[in-house]
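Just so you know, the numbering used here puts 60 at position 33 of the sequence shown, and the rest follows in order with no gaps. Don't be surprised by glycine CBs; every beta carbon is placed ideally from N, CA and C. In what follows, a single structure is set out as structure tokens and then discussed.
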Amino acid sequence: RTAASAGVTVESVINDHYNAIGGVNTISKLKGVARTGSIEMGGGMTLNFVHTANYKKGRRGAHTSFSISGQEVVTNVVTDNGGYSVQMGPRSPTEGNELAIAQWEELDPTYLLNTSGLGLKTELLGVEQLNGKSYHVVKLHKEGVINLTCYFDKMSKMLSSTKAITESENEGTMVVTTK
């Protein structure tokens, strides 16, 4: 990893991303999005996921399903009023920091511009070469709450992928990668 060019900041990288995908005003008018990705867990297990979000006023909500070999094993739902998770059986509420982060990330298409409300620290880690491309690497974190690393393609200016790392005593370390 190398240092970013002089004058490049977290704010400039994030603003460049939103400008590259149509501008904040346009993105703010989105009615919804869909994302796919995978989660690598201990023991070499990989979960695939499909995420859909609805940004319509009064009806904001997100649904994420996780599957192994096409079999859905976990469903997460978050709305302005709360959230829950179903893991092959009982339904569990999503609460506290986990709910706040889920609502921040999943219910607002311009969430990267709104980090201070949650007390997230942002840091420009520099430039990293991956698969022949250069990326500005930005970290968003809050101890015990979130550790999110974002990779912004230097050429297109767009967010290319994210990597979230969570650790818990019960579940160990989990890495979630989205593209």
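Next item on the list: Within 10 angstroms of the Cβ of residue 97, are there 16 or more other Cβ atoms? Answer buried if so, exposed if not.
Entry: So residue 97 ends up on the exposed side.
Margin query: Assuming the contact rule is C-beta atoms closer than 8 Å, residue 210 and residue 80 should be a hit. Round their C-beta distance to whole Å, please.
Written below: In the structure as shown, the chain begins at 28 and stops at 206. Residue 210 is therefore absent and cannot be evaluated.
Check: What is the DSSP secondary structure of residue 57, reduced to helix, strand or coil?
Finding: Note: residue 57 maps to coil in three-state DSSP.
Notebook entry, point to check: Could you give the residue range of the alpha helix (DSSP H) that holds residue 123?
Noted result: Element bounds for residue 123: 123-133.
Note to self: Taking its Cβ as the centre, do 16 or more other Cβ atoms sit within 10 Å of residue 91, making it buried, or is it exposed?
What the structure shows: With 16 or more Cβ atoms within 10 Å of its Cβ, residue 91 is classed as buried.
Checklist line | Own chain partners of residue 132 with C-beta closer than 7 Å, once the 5 adjacent residues on each side are dropped | finding: If you ignore the 5 residues before and after residue 132, its C-beta comes within less than 7 Å of the C-beta of 138, all in its own chain and listed in chain order.
Next item on the list: State the DSSP-derived secondary structure class of residue 35, mapped to helix, strand or coil.
Entry: Note: residue 35 maps to coil in three-state DSSP.
Item checked: Selection from 114, 85, 34 that minimises the alpha carbon distance to residue 108 -> Out of 114, 85, 34, 85 has the C-alpha closest to the C-alpha of residue 108.
Item checked: Inter-residue Cα distance where the pair is residue 186 and residue 156 -> Rounded to whole angstroms, residue 186 to residue 156 spans 15 Å at the Cα level.
Check: Thinking C-alpha only, which one of 171, 151, 167, 168 is nearest residue 39?
Finding: Here the closest residue by C-alpha is 151.
Notebook entry, point to check: Can you give the beta carbon distance from residue 33 to residue 153, rounded, assuming they're within the 8 Å contact cut?
Noted result: About 13 Å; that fails the 8 Å criterion.
Item checked: Selection from 114, 136, 64 that minimises the alpha carbon distance to residue 83 -> When only C-alpha atoms are compared, the closest one is 136.
Note to self: Please state whether the Cβ-Cβ distance between residue 165 and residue 37 is less than 9 Å.
What the structure shows: Yes, Cβ-Cβ distance for residue 165 and residue 37 is below 9 Å.
Check: Per DSSP, what kind of secondary structure is residue 47 in: helix, strand or coil?
Finding: Here residue 47 sits in helix by DSSP.
Note to self: Between which residues of its own chain and residue 75 is the CB-CB distance below 6 Å, once the five residues before and five after are set aside?
What the structure shows: Once the five neighbours on either side are set aside, the close Cβ partners of residue 75 are 65, 94.
Notebook entry, point to check: By the 10 Å Cβ neighbour count, where 16 or more other Cβ atoms means buried, how is residue 142 classified, buried or exposed?
Noted result: The residue is buried, with at least 16 neighbouring Cβ atoms inside 10 Å.
Margin query: Using a Cβ-Cβ cutoff of less than 6 Å, which residues in the same chain neighbour residue 73 once the five nearest sequence positions on both sides are dropped?
Written below: Excluding residues within five positions, the ones whose Cβ falls inside 6 Å are 65, 67.
Check: In chain order, what residues of the same chain lie with their CB nearer than 6 Å to the CB of residue 78, ignoring the 5 residues before and after it?
Finding: For residue 78, where only same-chain residues beyond five positions count, the Cβ hits under 6 Å are 62, 91.
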